[in-house]
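Colleague: Residue numbers (the working numbering): 32 to 178. All C-beta atoms, glycine included, are put in the ideal place defined by N, C-alpha and C. All figures in this text were calculated on a predicted structure; none of them were measured in a lab.
1) How many Å lie between residue 38 and residue 146 at the Cα?
2) Count the C-beta pairs between the segment 82–90 and the segment 163–172 that are closer than 8 Å, then say yes if the count reaches three, no if not.
3) Give me the residue from 149, 138 and 158 with the minimum Cα distance to residue 68.
4) Could you tell me if residue 131 is buried or exposed, where buried requires 16 or more neighbouring beta carbons within 10 angstroms of its beta carbon?
5) Is residue 135 near residue 176, with beta carbons less than 8 Å apart?
6) What does DSSP give as the partner residues of residue 38 in its beta bridges?
7) I'd like to know whether the C-beta atoms of residue 114 and residue 75 end up nearer to each other than 8 Å.
8) Is it right to say residue 144 is buried, meaning 16 or more other beta carbons lie within 10 angstroms of its own, or is it exposed?
9) Could you check the C-alpha separation between residue 103 and residue 82 for me, to the nearest Å?
10) What is the DSSP secondary structure of residue 164, reduced to helix, strand or coil?
11) Do residue 129 and residue 71 have their CB atoms nearer than 8 Å?
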């Protein structure tokens, strides 16, 4: 996951998340459709900050791990000032910020319709030295579980 701050003040944040999600070899075809819709939400302290627009994916292969990529952005009008203040404090004091991710894929299990929902562990994004605008994953990749 990458996080880029486009603009920040004490009460407003404009930012963009880019995430790549590795789909394990045993999910395509058996649980999730080989083609369908994919959507992700980005969270801070259990508050949803941004949700990507639904995106189509296609050509997943049976028995092969694959990567899906998605982006989402947030503008200052979308989130409350208190959340922005907390994020800003994390950025300035800790030089890192933690975000959670939820994602949704088209469900292909027998006799089901809709989406399969996954929640991922929070990840720590650390800001590049000398930058308060761009952060990248620090530490282990998150684990995601179906819920």
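Modeller: Concretely, from the data shown:
1) Their backbone Cα atoms lie some 34 Å apart in a straight line.
2) The segment 82–90, when compared against the segment 163–172, does not touch it at the 8 Å Cβ threshold.
3) When only C-alpha atoms are compared, the closest one is 138.
4) Counting every other CB atom within 10 Å of its CB across the protein chains shown gives residue 131 a total of 16 or more, marking it as buried.
5) In this structure, residue 176 does not lie closer than 8 Å to residue 135 by Cβ.
6) Answer is 45.
7) Using a Cβ distance threshold of 8 Å, residue 114 and residue 75 count as a contacting pair.
8) With a threshold of 16 other beta carbon atoms within 10 Å, residue 144 falls short and is exposed.
9) When rounded, the distance between both Cα atoms is 6 Å.
10) When DSSP states are grouped into helix, strand and coil, residue 164 belongs to the coil group.
11) Contact: no.
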